[in-house]
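Worksheet: the structure to be examined is printed underneath.
Numbering (our numbering), first residue to last: 186 to 281.
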C-alpha cells in the first residue's frame, strides 16, 4: 500500500529498495533475463547494476530516441526491441 503513495515519485533508490526485497535470494552472478516495457533511460538496468547483478540479459521497449541514446551510452548491452505497440496481435482481443 505504501508504494501506491509514491505516485510519480519512483526513483532509482525506491526501485532498488523494492528489487532488493524481491531478489534477495537470487545470487548476484546468476543470469537474469529482464523485459522492460517503456524503458525510458534504462533506470531498471542501472538499478540491477547498482545491486551487483552483472549477468543481465535486458530487453527494452522504448520509442524515444533520446532516452534510448542515454540508456545505450550507459549500458550498451541493452537489447533494444522497438515500440511496444508493435507487438500487438489481432487475436489478443477480449471480445470487442
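For each residue, glycine too, the CB sits at the ideal point set by N, CA and C.
As the structure is a prediction and not an experimental result, all values here were calculated from the model.
task: Within 10 angstroms of the Cβ of residue 221, are there 16 or more other Cβ atoms? Answer buried if so, exposed if not.
output: buried
- prompt: Residues in its own chain within less than 6 angstroms of residue 225 by CB, not counting five upstream and five downstream?
  reply: 252
field: Three-state secondary structure (DSSP) of residue 267
entry: strand
query: Taking contact to mean at least 3 C-beta pairs separated by less than 8 angstroms, is the region 203–223 in contact with the region 241–261?
result: yes
task: Please report how far the alpha carbon of residue 249 lies from the alpha carbon of residue 268, in whole angstroms.
output: 9 angstroms
- request: Tell me, please, which residues DSSP counts as bridged to residue 217.
  value: 241
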